[in-house]
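Numbering (our numbering), first residue to last: 906 to 1232.
If you want it as structure tokens, here you go:
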């Protein structure tokens, strides 16, 4: 009787040298050296390879990087004062001295537009992070545990989901940031971030819950559970990496949506307020002078629309790259 291990060694070709049927040459003998050494790509690798070919991705990314640098280091773009002004320069039109002109209080509009990017970008990014963390965590718990836990969290999400966004923001911000309050700049921004997060997390929760429900019965999840993996390991090592793609796409689009939402609340007078400088505040202050000084409204609106479109276009590009059906 032959030794089975010996027979298997003799009859099986080496794994590193696969051969074609009827010949001793490797299967990849005709391929270039780079192709032979190339490892198979995963979902993110394929998505990045597809994104690099899209001009829309590079254009939106360039604008987003510009706005982030503008928000982090505004002094690189202007040396003007965004807070103080002289009434003698009130509503002076754009010139070589002031590219975007001066507002009603004689402040440099260009400097205010540059410094206004900080509040708008910070509020949008922190609101998005908070929404993804709260909604994503509750969605994972509801989808994985199921039963009464899923029912309870889903009903809580339905209550918040039924609140109109503008009405809920008015109630929250007029209560904690009304005319009689004395909040500083960061407290005002924190209240706006809180209102955006509280009213937006149910959408993320539903999105994550549906992804977990579609993934938790996969073969590799069942195998991990059969091998004795704990709940934490299954969620962190298996569920979360395979459910992040929809959240990544929605989060990118949500940043642009929150920039527009912050501007809307500030325009209505319930969002960011002085001494904060933001695009929404500038648009709100310019609405009464749109006929006599349209440049006061044009420049902050142009930056606002460009920022929102940049994040939305980036989200659409990422969605097409991560969804094989749209390639």
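We put the CB at the ideal spot given by N, CA and C, even for glycine.
query                                                                                                                                                                                 : result
So, helix, strand or coil for residue 1002, using DSSP?                                                                                                                               : coil
For residue 1217 and residue 1191, what's the separation of their Cα atoms in angstroms?                                                                                              : 26 Å
Out of 959, 1132, 1112, which has the shortest C-alpha to C-alpha gap to residue 1038?                                                                                                : 1112
Per DSSP, what kind of secondary structure is residue 1223 in: helix, strand or coil?                                                                                                 : helix
Would you mind stating whether residue 1219 and residue 965 have Cβ atoms separated by less than 9 Å?                                                                                 : yes
For residue 1099 versus residue 1177, is the C-beta spacing smaller than 9 Å?                                                                                                         : no
Assign residue 1136 to one of three DSSP states: helix, strand, or coil.                                                                                                              : helix
Verify whether the separation of the beta carbon atoms of residue 973 and residue 1046 is less than 9 Å.                                                                              : no
Could you pull out every residue in the same chain whose Cβ sits closer than 8 Å to the Cβ of residue 1201, ignoring the five residues on either side in sequence?                    : 996, 1006, 1008, 1009, 1014, 1187, 1190, 1191, 1194, 1195
Tell me whether the segment 1149-1168 and the segment 1206-1214 touch, counting them as touching only if at least three CB pairs, one residue from each stretch, are closer than 8 Å. : yes
Assign residue 929 to one of three DSSP states: helix, strand, or coil.                                                                                                               : With a pLDDT of 49 at residue 929, under the threshold of 50, the modelled position of this residue cannot be trusted, and the question is left open.
Please give me, in chain order, every unbroken run of the alpha helix (DSSP H) with length at least 4 that falls completely inside the segment 1040-1082.                             : 1052-1066, 1070-1081
Look at the Cβ atom of residue 1097, then the Cβ atom of residue 1170, and state whether they are nearer than 9 Å.                                                                    : yes
For the segment 1115-1125 and the segment 1139-1154, state whether three or more C-beta atom pairs, one from each stretch, are separated by less than 8 Å.                            : yes
Does DSSP classify residue 1013 as helix, strand or coil?                                                                                                                             : strand
Beta carbon of residue 1160, beta carbon of residue 1101: below 9 Å?                                                                                                                  : no
Residues in its own chain within less than 6 Å of residue 959 by CB, not counting five upstream and five downstream?                                                                  : 1222
Residue 1110: which of 1091, 1052, 1063, 1127 sits nearest, CA to CA?                                                                                                                 : 1063
Whose C-beta lies closer than 6 Å to the C-beta of residue 1105 among residues of the same chain, with five residues either side of it excluded?                                      : 1036
Please classify residue 1074 as buried or exposed, where buried requires at least 16 other C-beta atoms within 10 Å of its C-beta.                                                    : buried
Would you kindly report the start and end of the unbroken alpha helix (DSSP H) that includes residue 958?                                                                             : Unbroken run through residue 958: none, as it is neither H nor E.
Rounded to the nearest angstrom, what separates residue 955 and residue 1030 at their Cα positions?                                                                                   : 26 Å
Taking all protein chains shown into account, do 16 or more other C-beta atoms lie within 10 angstroms of the C-beta of residue 978, making it buried, or fewer, making it exposed?   : exposed
Counting only the same chain and skipping the five closest in sequence on each side, list residues whose C-beta sits under 8 Å from that of residue 986.                              : 1012, 1013, 1016
With burial defined as no fewer than 16 other Cβ atoms inside 10 Å of the residue's Cβ, what is the status of residue 998: buried or exposed?                                         : exposed
Can you grab the Cα-Cα spacing for the pair residue 963 / residue 1061, in whole Å?                                                                                                   : 40 Å
Our contact map puts residue 988 next to residue 1205 with C-beta atoms below 8 Å; I'd like the distance itself, whole angstroms only.                                                : 16 Å between Cβ atoms; not a contact.
How big is the Cα-Cα spacing for residue 936 and residue 1129?                                                                                                                        : Residue confidence for residue 936 is low, a pLDDT of 49 falling below 50, so the modelled location carries little weight; the figure read from the coordinates is stated next. When rounded, the distance between both Cα atoms is 37 Å.
Exposed or buried, residue 1084, counting other C-beta atoms within 10 Å across all chains shown (16 or more means buried)?                                                           : exposed
Measure the C-alpha to C-alpha separation of residue 1081 and residue 1055 and round it to an integer number of angstroms.                                                            : 32 Å
If you draw a straight line from the C-alpha of residue 1049 to the C-alpha of residue 1089, how long is it?                                                                          : 42 Å
Is it right to say residue 1184 is buried, meaning 16 or more other beta carbons lie within 10 angstroms of its own, or is it exposed?                                                : buried
Quick check on this structure: which residue in 1020, 1173, 1116 has the alpha carbon closest to the alpha carbon of residue 1235?                                                    : A query on residue 1235 cannot be resolved here, the shown segment of the chain reaching from 906 to 1232 and no further.
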